[in-house]
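**Student:** Per full-length UniProt numbering, the very first residue in the sequence shown carries number 1; after that it's consecutive.
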Amino acid sequence: MGRQRNSQHVNEKQASPKKEVNEIEASNLSEKEFREMVMRWLKRMEDKFNNMSKNQEEMKKNQEEMKNDIAAVKNSIESIKSRLEEAEDRISELEDKHNALPSIFESLQKERVEAGDVIYIEANSGAIKRQGRCDTYDTEFNLEAEEYVLLPKGDVYKEERAHPGRYLA
1 MGRQRNSQHV NEKQASPKKE VNEIEASNLS EKEFREMVMR WLKRMEDKFN
51 NMSKNQEEMK KNQEEMKNDI AAVKNSIESI KSRLEEAEDR ISELEDKHNA
101 LPSIFESLQK ERVEAGDVIY IEANSGAIKR QGRCDTYDTE FNLEAEEYVL
151 LPKGDVYKEE RAHPGRYLA
């Protein structure tokens, strides 16, 4: 108890130099003065406790804000990771298509495919098989030299892109 009283006494000495009281002087104080001194100490302790409580509440608020900010950053990072994975997958698909283009181009040259030809591209291997000329071109070329076929029903693409497993006209 003596040490606590001394440390409180030191704090009191720094806080209010009006009434410096040590143990010897405290025993010489009247009952009223002693009670006043104890009440001042209690008041200071209450003030310190209130300040600490306010600080603690502010710290809790700051912690909640930080937790929310951290959660937002984590969500952003997850979103970025997801988009990065999607981009990597897309790049991989494009690389696969790009790598397949030379073999498809060679197959097109080998089969001597021209505008108006009906061809079939196998989905798995990318192999091209020329079916013949489209019957809409029968008046433009030598009828005896070419085999003319009807346009197939179903999905027919009239684009320059290669579509695996589809007919191109």
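Just so it is clear, CB atoms sit at the ideal spot from N, CA and C, and this is done for glycine as well.
#1: Count the other C-beta atoms from every protein chain shown that fall within 10 angstroms of the C-beta of SER53, then say buried if there are 16 or more, exposed otherwise.
#2: Name the two residues that bound the continuous alpha helix (DSSP H) containing VAL113.
#3: Going straight from the alpha carbon of ILE91 to that of ASN55, what length do you get?
#4: Which of helix, strand or coil does DSSP assign to PRO17?
#5: For PRO102, which option in ILE128, LEU84, ILE77 has the closest C-alpha, if you only look at C-alpha atoms?
#6: Quick check on SER92: does DSSP put it in helix, strand or coil?
#7: Would you check if the distance between the CB atom of ARG83 and the CB atom of GLU111 is smaller than 8 Å?
**Tutor:** The relevant details are as follows:
#1: Position 53 of the sequence shown holds residue 53. Exposed, because fewer than 16 other Cβ atoms sit within 10 Å of the Cβ of SER53.
#2: Position 113 of the sequence shown, counted from the start, is the residue given in the question as residue 113. Premise fails: VAL113 is in no alpha helix (DSSP H) and is neither H nor E.
#3: Within the sequence shown, residue 91 is the residue found at index 91, counting from 1. Within the sequence shown, residue 55 is the residue found at index 55, counting from 1. If I take the Cα positions, the gap works out to 53 Å.
#4: As a first step, residue 17 must be located in the sequence shown, where it is residue number 17. Below a pLDDT of 50, predicted positions are generally treated as unreliable, and PRO17, at 45, falls in that range; the measurement from the model is reported next regardless. DSSP places PRO17 in coil when its eight states are reduced to three.
#5: Position 102 of the sequence shown, counted from the start, is the residue given in the question as residue 102. It is ILE128 whose Cα lies nearest to the Cα of PRO102.
#6: To locate residue 92, count along the sequence shown from 1; it is residue 92. Note: SER92 maps to helix in three-state DSSP.
#7: Locating residue 83 in the sequence shown gives position 83, where the first residue counts as 1. Locating residue 111 in the sequence shown gives position 111, where the first residue counts as 1. ARG83 is not a Cβ neighbour of GLU111, given a cutoff of 8 Å.
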